[in-house]
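Engineer:
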Amino acid sequence: MTDTIEFIDLKAQYRTLKPAIDARIDAVLDHGRYIMGPEIAELEARLAAYVDVPHCIGVASGTEALLIALMALGV
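Mapping the sequence shown onto the working numbering, position 31 (from 1) lands on 31, and the numbers just tick up by one.
1. For residue 71 and residue 64, I'd like the C-alpha separation in whole angstroms.
2. Output needed for residue 56: all residues of its chain with C-beta closer than 6 Å, excluding positions within five of it in sequence on either side, in chain order.
3. Hey, how far is the Cα of residue 5 from the Cα of residue 21?
4. Between residue 13 and residue 7, what straight-line distance do the alpha-carbon atoms span, to the nearest angstrom?
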């Protein structure tokens with residue numbers, strides 16, 4: 001006997017969120033600041049608040065994240 005596990009309907013979720021996603025993408029394309037733009041500052045602030053820490057830094061890769069953590073620890 002096999003049980004079926006239903007997957008999340010990502011298409012339905014995307015359809016619901018598409019206007020908001022498209023608006024944010026359009027904003028980035030309009031101002032052209034893909035790096036260190038206002039959306040990144042907002043993400044960092046919201047993530048810091050979510051995990052209840054004073055600061056959050058968005059980086060381009062896991063390697064950079066590990067390097068920053070090791071540098072902060074003096075390694």
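Glycine included, C-beta positions come from ideal geometry on N, C-alpha and C.
No experiment lies behind these values; they were computed from the predicted model shown.
Structural biologist: A quick look at the data gives this:
1. 10 Å
2. 44, 47 and 48
3. 28 Å
4. 12 Å
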